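**Q** Once you've had a glance at the structure underneath, I'll fire off some questions.
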Amino acid sequence: MDILGTSLRVCVDDLDSAIAVYEKLTGAEAVRFQRGPVAVAAVGCFFLMSGPESEMSILRKITATIAVKDVDEAIADLTAVGGQIVAGPLPAPVGRTLVARHPDGSIFEYVDRNPA
């Protein structure tokens, strides 16, 4: 699979305050969007997320978001090494997403820019 980049996931209580900090640290402007009940801001290599605890408790389990060329290739490679697809693939704001558990127990989100 072609890994194009990685975004670190940061769960925060106050999204507006966190955006100000991460914009200053990265020199990048936040791009905001909603993912269900969760407010998200992409700032540089960070995804800042804030929302109801029921959602955040799930999101905290995902180590990072990995951008890939094609989610279908990621599925093939992940299953070939003993990984488990936990959710997806599902449509995302810019393409498709899936959540996978690696054989060591680590959980990652994979996203591509290919429309479903």
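Here this note's numbering is used: the first residue of the sequence shown is 12, the next is one more, and so on. Using N, Cα and C, we set each Cβ at its ideal position, and we do this for glycine too. These figures come from a predicted structure and were not determined experimentally.
Are residue 28 and residue 53 close, meaning C-beta to C-beta below 9 Å?
**A** No, Cβ-Cβ distance for residue 28 and residue 53 is not below 9 Å.
**Q** Going by C-alpha to C-alpha distance, which of 57, 49 and 46 sits closest to residue 78?
**A** If we check each option's Cα against that of residue 78, 57 comes out closest.
**Q** Let me make sure I understand the geometry here. Which of 20, 121 and 38 has the alpha-carbon closest to that of residue 108?
**A** Comparing Cα-Cα distances from residue 108 to each of 20, 121 and 38, the minimum goes to 121.
**Q** Does the Cβ of residue 90 have 16 or more other Cβ atoms within 10 Å, making it buried, or fewer, making it exposed?
**A** Exposed, by the Cβ-count rule.
**Q** Is DSSP giving residue 74 helix, strand or coil here?
**A** Residue 74 falls in the coil class under three-state DSSP.
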